[in-house]
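For the sequence shown, this note's numbering gives the first residue as 3, with consecutive numbering after it.
Yeah, the Cβ is synthetic: ideal placement off N, Cα and C, and Gly gets one too.
Okay, structure first, notes after.
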Amino acid sequence: MTNTKMTWRPQYRSSKFRHVFGKAATKENCYDGVPITRSVHDNHFCSVNPRFIAVITECAGGGAFIVLSINHTGKVDPHHPKVSGHRGNVLDIKWNPFNDFCIASCSEDATVKIWDIPKHGVLKNITVPWKELQGHSRRVGLIEWHPTASNVLFSTGYDHQVMVWNLNTPEQVVKNPVRMISVHPEVVLSMSFNTDGSRLATSCKDKKIRVIDPRTGTLLQETSCKSHRASKVLFLGNLKMLLSTGSSCWNHRQVALWDQEDLSQPSFQEDLDGSSGVLFPFYDPDTHMLYIAGKGDGNIRYYEVSAEKPYVHYLTEYRSILPQKGVGVMPKRGLDVCSCEVFRFYRLVTIKSLIEPLSMIVPRRSETYQEDIYPMTAGKEPALTAEEWLSGVDKGPMLMSLRPGSKVETYIDHLESRKSLSASLDTRRSQSRPGLLQLAYIQEQLGFAQKEEHKGAGVSPSLLPSSRERSQDRSCALSTAANNHEDLTQNSPPKTENELRQVFYKQQEEIRRLRELLNQRDVRIKQLELEIKNGTQQQPSCVS
Numbered sequence: 003m004t005n006t007k008m009t010w011r012p013q014y015r016s017s018k019f020r021h022v023f024g025k026a027a028t029k030e031n032c033y034d035g036v037p038i039t040r041s042v043h044d045n046h047f048c049s050v051n052p053r054f055i056a057v058i059t060e061c062a063g064g065g066a067f068i069v070l071s072i073n074h075t076g077k078v079d080p081h082h083p084k085v086s087g088h089r090g091n092v093l094d095i096k097w098n099p100f101n102d103f104c105i106a107s108c109s110e111d112a113t114v115k116i117w118d119i120p121k122h123g124v125l126k127n128i129t130v131p132w133k134e135l136q137g138h139s140r141r142v143g144l145i146e147w148h149p150t151a152s153n154v155l156f157s158t159g160y161d162h163q164v165m166v167w168n169l170n171t172p173e174q175v176v177k178n179p180v181r182m183i184s185v186h187p188e189v190v191l192s193m194s195f196n197t198d199g200s201r202l203a204t205s206c207k208d209k210k211i212r213v214i215d216p217r218t219g220t221l222l223q224e225t226s227c228k229s230h231r232a233s234k235v236l237f238l239g240n241l242k243m244l245l246s247t248g249s250s251c252w253n254h255r256q257v258a259l260w261d262q263e264d265l266s267q268p269s270f271q272e273d274l275d276g277s278s279g280v281l282f283p284f285y286d287p288d289t290h291m292l293y294i295a296g297k298g299d300g301n302i303r304y305y306e307v308s309a310e311k312p313y314v315h316y317l318t319e320y321r322s323i324l325p326q327k328g329v330g331v332m333p334k335r336g337l338d339v340c341s342c343e344v345f346r347f348y349r350l351v352t353i354k355s356l357i358e359p360l361s362m363i364v365p366r367r368s369e370t371y372q373e374d375i376y377p378m379t380a381g382k383e384p385a386l387t388a389e390e391w392l393s394g395v396d397k398g399p400m401l402m403s404l405r406p407g408s409k410v411e412t413y414i415d416h417l418e419s420r421k422s423l424s425a426s427l428d429t430r431r432s433q434s435r436p437g438l439l440q441l442a443y444i445q446e447q448l449g450f451a452q453k454e455e456h457k458g459a460g461v462s463p464s465l466l467p468s469s470r471e472r473s474q475d476r477s478c479a480l481s482t483a484a485n486n487h488e489d490l491t492q493n494s495p496p497k498t499e500n501e502l503r504q505v506f507y508k509q510q511e512e513i514r515r516l517r518e519l520l521n522q523r524d525v526r527i528k529q530l531e532l533e534i535k536n537g538t539q540q541q542p543s544c545v546s
């Protein structure tokens with residue numbers, strides 16, 4: 003009898019996100035008593051940033067939405083003030099990705115309105131917008147902010163037009179968009195940008211996916227596949243792929259993956275179930291995780307996406323008995339990195355008038371910052387102005403680190419700049435880098451010395467020379483820092499991570515040198531004080 007040795011091979015692929023699980027917030031950490039809209043429009047109805055959560059509400063006599071502080075959990079006052087300037091039902095809301103106090107809304111009254119939210123929150127009804135965009139002839143159903151350019155907004159409505167708006171205008175009412183894109187024969191159901199905002203993907207009621215140049219409105223790609231009827235579409239970060247959710251010929255809910263350069267046939271296609279609710283896709287480019295939440299479902303499926311076949315790898319799903327009408331997503335900079343949270347949903351549970359936060363967590367034993375699951379991510383600084391983007395410049399997002407406790411957010415370019423930026427942008431970036439820490443340090447030393455001098459009303463005359471010496475040292479050090487600041491502002495900003503690191507090391511060395519200089523001056527001051535003290539003690543003996 004011979005022993006047969008069997009080799010066991012795992013059927014799953016190695017992944018650090020294989021055990022991600024969903025953790026729903028407790029009742030006291032939910033938002034209870036929110037009158038969520040009863041609209042049947044297939045939108046998220048919710049928008050979130052690290053400061054506020056905004057939800058479209060049911061309202062008589064026009065449209066409104068409510069804005070709550072992100073920490074305002076528990077029972078919500080039924081008479082809580084609302085943002086209520088629309089004459090028709092609000093259909094979509096989106097926070098400005100570069101301004102936590104600015105939100106856009108669109109409505110059945112055929113307008114788009116931009117609102118300034120007070121820093122302390124909404125304490126009374128807001129009815130007057132910061133700007134009103136008038137250009138659509140029918141109700142506006144969808145809005146999207148440009149991902150890298152500031153104050154560029156896209157809107158689309160039931161007039162089948164996609165309009166591009168530049169908000170950097172002095173007029174309070176803007177009637178002329180900078181571009182009108184007229185390539186859709188039916189209503190646009192979703193819009194999605196690629197990483198640098200140079201391509202816009204749309205899904206339409208004719209069940210086709212289109213890839214458009216958002217600056218010129220040129221149609222670049224269009225699907226002709228009959229086996230997949232798309233309802234929502236999403237760019238998958240830098241993978242150069244598109245993901246769409248929709249239905250098959252047999253009305254099964256379906257997910258499809260496309261090459262963004264070739265939309266003739268999907269690269270991957272899979273039926274999910276036979277339900278009828280719309281599937282909302284969400285993608286995290288930092289972890290390459292794909293989340294799919296169905297309208298009217300209680301579950302959220304999640305997958306891991308790779309650039310190689312079979313492309314999409316199923317992980318597991320979060321299940322709940324409470325169905326969601328809409329879903330909001332917290333930006334990465336608002337996550338709790340100490341608990342290894344990699345994604346956070348805000349589920350709108352209409353049957354209970356409840357907003358339930360749902361955290362997706364990577365189980366780790368260590369409570370320290372896990373750098374491998376938090377790469378550099380898109381920050382809140384725009385990479386371009388609206389004018390630069392409209393002139394033809396494309397640039398990836400400015401990245402930041404999620405490491406807690408860092409006083410200075412580190413922003414670097416995600417993609418190489420295709421064209422040089424304007425001088426104003428260079429100046430703004432140079433001020434945001436840690437290069438001016440040396441100037442701040444000198445100013446701190448100045449403030450400390452000034453406090454010491456103000457205290458010196460009762461100081462003996464023997465210390466006056468040291469005071470003059472300190473003044474000379476401060477002026478010398480300040481001029482050195484000013485010269486270094488001039489060098490920094492004259493040089494072009496670093497464009498790669500290596501360049502940024504080299505500049506950082508040089509600045510650290512300069513800070514160290516200035517500290518040594520200050521220490522040497524302090525030692526010299528003490529020597530002079532001792533000499534003066536010895537001289538005053540010897541003077542009486544000479545007189546005698």
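Cβ-based neighbour list, residue i, same chain, cut-off 6 Å, excluding 5 preceding and 5 following
i	result
residue 303	294, 319
residue 332	50, 346
residue 110	90, 91, 141
residue 297	279, 280
residue 236	194, 245, 283, 285
residue 276	254
DSSP three-state assignment for residue i, whether helix, strand or coil
i	result
residue 25	strand
residue 316	strand
residue 352	helix
residue 521	helix
residue 336	helix
residue 528	helix
residue 502	helix
residue 341	helix
residue 31	helix
residue 133	strand
residue 241	coil
residue 168	strand
residue 94	strand
residue 299	coil
residue 404	coil
residue 374	helix
residue 125	coil
residue 306	strand
residue 40	coil
residue 163	coil
Span separating the alpha-carbon of residue i from that of residue j
i	j	result
residue 329	residue 257	19 Å
residue 154	residue 134	14 Å
residue 58	residue 104	16 Å
residue 33	residue 509	47 Å
residue 262	residue 193	14 Å
residue 16	residue 315	11 Å
residue 252	residue 41	27 Å
residue 271	residue 259	6 Å
residue 291	residue 363	12 Å
residue 537	residue 530	10 Å
residue 511	residue 341	35 Å
residue 26	residue 337	14 Å
Delimiting residues of the alpha helix (DSSP H) encompassing residue i
i	result
residue 389	388-392
Cβ-Cβ distance between residue i and residue j below 8 Å
i	j	result
residue 157	residue 147	no
residue 380	residue 359	no
residue 550	residue 386	Outside the displayed range of the chain (3 to 546) lies residue 550, so it cannot be described from this structure.
residue 97	residue 49	yes
residue 288	residue 334	yes
residue 183	residue 145	no
residue 280	residue 234	yes
residue 45	residue 118	no
residue 352	residue 311	no
residue 286	residue 339	no
residue 210	residue 224	yes
Residue i, enclosing beta strand (DSSP E) - first and last residue
i	result
residue 231	231-237
residue 203	202-206
residue 324	No beta strand (DSSP E) contains residue 324, which DSSP labels as neither H nor E.
residue 88	85-88
residue 143	142-147
residue 311	Element bounds for residue 311: n/a, residue is neither H nor E.
residue 272	270-275
Same chain only: Cβ atoms within 7 Å of residue i, ignoring 5 sequence neighbours per side
i	result
residue 21	365
residue 150	198, 199, 384, 385, 386, 397, 398, 399
residue 222	213, 214, 215
Residue i: CB within 7 Å of a non-hydrogen atom of the ligand SAM
i	result
residue 241	Annotation note on the ligand SAM: not contained in the displayed structure, which lists no ligands.
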